Amino acid sequence: MTSELTEAPPPSLTQIFLAFSKVGLTSFGGGLSGWMMREFVHNRRWLTEGEFLDGLSLCQALPGVNVVNLSIWIGYRLQGGAGALAGALGMVVPALILAVAVVALAGEAVRGEAAHWMLAGVAAAALGLSIQMGLRAAWRVAKRGVAPTAIFAATFLALFALRLPLIWVVVVMAPVGIAHAAWAMSRKGD
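Residues in the sequence shown are numbered consecutively from 494, following our numbering.
(1) Quick check on DSSP: helix, strand or coil for G682?
(2) Between which two residues does the alpha helix (DSSP H) containing W566 stretch?
(3) Look up G605 in the DSSP assignment and say whether it is helix, strand or coil.
(4) Let's test the definition: count the other Cβ atoms within 10 Å of the Cβ of I509 and tell me whether it reaches 16, buried, or not, exposed.
(5) Which residue comes first and which comes last in the alpha helix (DSSP H) that contains V639?
(6) Going straight from the alpha carbon of I565 to that of A619, what length do you get?
(7) Mark S496 as exposed unless 16 or more other C-beta atoms lie within 10 angstroms of its C-beta, in which case mark it buried.
(8) Nearest by alpha-carbon distance to M584: which of S514, D547, A630 and P504 is it?
(9) Over the uninterrupted alpha helix (DSSP H) stretch that includes L549, give me the two end residues.
(10) Would you call the CB atoms of A512 and E544 closer than 8 Å?
(11) Does the beta-carbon of P504 have 16 or more other beta-carbons within 10 angstroms, so that it is buried, or is it exposed?
(12) Should R629 be flagged as near chain E, meaning a C-beta pair shorter than 8 Å?
(13) Alpha carbon to alpha carbon, what distance is there between L598 and L655?
(14) Please say whether M626 and S520 have beta carbons closer to each other than 8 Å?
(15) I need the DSSP call for L652, collapsed to helix, strand or coil.
Written as structure tokens, this is what we have:
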């Protein structure tokens, strides 16, 4: 399913900050990128699904926290450097303030067994969002052909079945993917 962008003007810096604040304050763990896709692609239509997944792929290859990298990338895509700053601050600052307040107010309460059960439920929901994102990415790659699908599958197997270190998988598979993409682009020019 592809989402088309509307012809609306790009969002303001305040809108970018508030949108990322909403995501940062209402999301947990690994499900953040799935929530971001829903918010920025499907609800707000600021990006297409392809643009989002391309940005996510790039941000996962960079050092640092993926969703902060992604907030910077999306903000930059929408409003340049100021948008990148608004996106990063919106993602981090309100959630940080809330986390500090919760720990300060309920430090002892979160050590109880009920808190562990609640966090297990949150983790399950985050896992579901991550699986949804992975399936969307896999579907998108599969539509590009056999070679991209093989690269995707080899990367998945290296990381999850063989449990190879991430850095070595990236060092090997990133050049393979880049080489294939360059070859495919050169063939289109022929």
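Don't be surprised by glycine CBs; every beta carbon is placed ideally from N, CA and C.
None of these values were measured; they are calculated from a predicted model.
Judging by the given coordinates:
(1) Note: G682 maps to helix in three-state DSSP.
(2) Run containing W566: N559 to A599, per the alpha helix (DSSP H) assignment.
(3) coil
(4) Here I509 is buried: its Cβ has 16 or more other Cβ atoms, across all protein chains shown, within 10 Å.
(5) Unbroken alpha helix (DSSP H) run through V639: V639 to F649.
(6) If you take the alpha carbons of I565 and A619, they lie about 21 Å apart.
(7) Low confidence applies here, because S496 scores a pLDDT of 45, under 50, leaving its location unreliable; read the following figure in that light. Buried.
(8) S514
(9) E542 to A554
(10) no
(11) buried
(12) Of the chains in the structure shown, none is chain E; there is only one protein chain.
(13) 43 Å
(14) no
(15) The answer is helix: DSSP assigns L652 an H, G or I state.
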